[in-house]
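Participant:
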Amino acid sequence: MFNITGGRRALLGAAGAAALLLSLAACGEEEPADSAGSGPSVSASADASLSDKVPAAIKADGKIVVGTDSTYAPAEYLDTDGKTVIGFDVELFRAVAQKLGLQAEFVSAPFGDIITGVNTGKYEVGVSSFTVNDERKAQANMVSYFQVGTQWVTKAGNPAGVALDNACGKKIAVQKDTVQVEDVQKRSQACTAAGKPAITVEQFPGQDAATAAVVSGKDDAMLADYPVGVYAVTQSNGALELLDKQYEAAPYGYVVAKDQAAFAEAVRDATKALIADGSYKTVLDKWKVGDGAITDPAINP
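Going by mature numbering (1 follows the signal peptide of the UniProt record, and there is no 0), the letters in the sequence shown line up with residues -28 to -1, 1 to 273, in that order.
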């Protein structure tokens, strides 16, 4: 996830991913020994020069309250305890917060509510695989830190014969409030304009449910952000496969309130510091998403 209104992007969580995990269990899925995210968490040292850039009102309590939709593995999802938010997005931003001399406190929230929550002060940052686009930049400051495209996924063997350039008449699953919704709706409009059957677009509150719909055969395919699609296929023990390649790569951005330009600069500079000291690469490689690395974080790129 790219998104139009709220952002993105998503996939497996624990509470959020329970439905999918049950579906995968029926396929005989087991967690591979070298699964993404295995190994110790990265810890970053505080940098006083960066901490000094954080507005006093934000650092007064020693933490950054982060809004996240915890249904989007491997970016952000719930651990097996059903309440701890984990993922590469989570681990990377924890390191950003540590560079600023703070701790990150992740709060699960509906994806479409996060930007509003940041701008009203409910959260101090939004970290939830938000694709940077013009609509979001008009609503908030977006600090780029990663880059991905959209990926389609089908059942193994693509039994429904789904094609990216002709999914007319197929049932396609997406998470609501993501850029993938607009993507598949435009494809459906092209179908009807050509006199072909429309695509049945099924929107789900969480990516976990969208993925489960494909695993069960309820829907013919899904589209999501590339890391999410790859993770779903990896976890499915052969039940799912990637369809073609990712496309339309765009940056992910941390969401910072529109009136918090100084804080956005601090977050950007902390991300740059993690890139410079190698912590950034360590996190992405640990989660097997190194292909999405960027070299120059920016505000509203």
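Positions of the beta carbon are idealized from the N, C-alpha and C atoms, including for glycine.
To the nearest angstrom, how far is the alpha carbon of V114 from that of T88?
Facilitator: Correcting the residue type first, residue 114 is Met in the shown sequence and not Val. Cα to Cα, the separation comes out at about 14 Å.
Participant: Just verifying my parser: in three-state terms, what is the DSSP assignment at Q207?
Facilitator: The DSSP-derived three-state label of Q207 is helix.
Participant: Looking at the secondary structure, which residues open and close the beta strand (DSSP E) in which G121 lies?
Facilitator: 113 to 127
Participant: Which residues in the same chain have their Cβ closer than 8 Å to the Cβ of C(-2), if we skip the five residues on either side of it in sequence?
Facilitator: Only weak support is given to the placement of C(-2): the predicted model assigns it a pLDDT of 39, under 50, and the value that follows is read from those uncertain coordinates. Result list for C(-2): V187, S208, N209, G210, A211, in chain order.
Participant: According to the neighbour-count rule (16 or more other Cβ atoms, all chains shown, within 10 Å of its Cβ), is K217 buried or exposed?
Facilitator: exposed
Participant: Can you give the Cα-Cα distance for L22 and A242, rounded to whole angstroms?
Facilitator: 7 Å
Participant: Contact defined as beta carbons within less than 8 Å: I believe F102 pairs with G225. What is the distance between those atoms, to the nearest angstrom?
Facilitator: 5 Å
Participant: Quick one: grab the DSSP three-state call for T164.
Facilitator: helix
Participant: Which full runs of the beta strand (DSSP E) of 3+ residues lie inside the stretch 32 to 90, going along the chain?
Facilitator: 35 to 40, 48 to 50, 75 to 80
Participant: Select from G178, K31, S116 the residue whose C-alpha is nearest the C-alpha of Y44.
Facilitator: G178
Participant: Thinking C-beta only, is A67 closer than 8 Å to G39?
Facilitator: no
Participant: Please classify L136: does DSSP put it in a helix, a strand, or coil?
Facilitator: Three-state DSSP puts L136 in coil, outside helix and strand.
Participant: In whole angstroms, what separates the C-alpha of E48 from that of A265?
Facilitator: So the alpha carbons of these two residues sit roughly 17 Å apart.
Participant: Report the CB separation of V120 from P199 in whole angstroms; it is logged as a contact under 8 Å.
Facilitator: 6 Å
Participant: Going by beta carbon distance, what residues of the same chain come within less than 7 Å of A128, once the five residues before and after it are set aside?
Facilitator: G210, A211, L212, E213
Participant: Nearest-angstrom Cα distance between L50 and I58?
Facilitator: Their backbone Cα atoms lie some 6 Å apart in a straight line.
Participant: Please go through the same chain and pick out, in chain order, the residues whose beta-carbon is closer than 7 Å to the beta-carbon of D191, but skip the five residues on each side of it.
Facilitator: Excluding residues within five positions, the ones whose Cβ falls inside 7 Å are K143, I144, A145, E174, A185.
Participant: Whole angstroms are fine: how far does the CA of D180 sit from the CA of D257?
Facilitator: 23 Å
Participant: With a Cβ-Cβ cutoff of 8 Å, do Q147 and F176 count as a contact?
Facilitator: yes
Participant: To the nearest angstrom, report how far apart A236 and V156 are at their CA atoms.
Facilitator: For the pair A236 and V156, the Cα-to-Cα distance works out to about 32 Å.
Participant: Who pairs with F102 in a beta bridge, going by DSSP?
Facilitator: Paired residues: none, contrary to the question.
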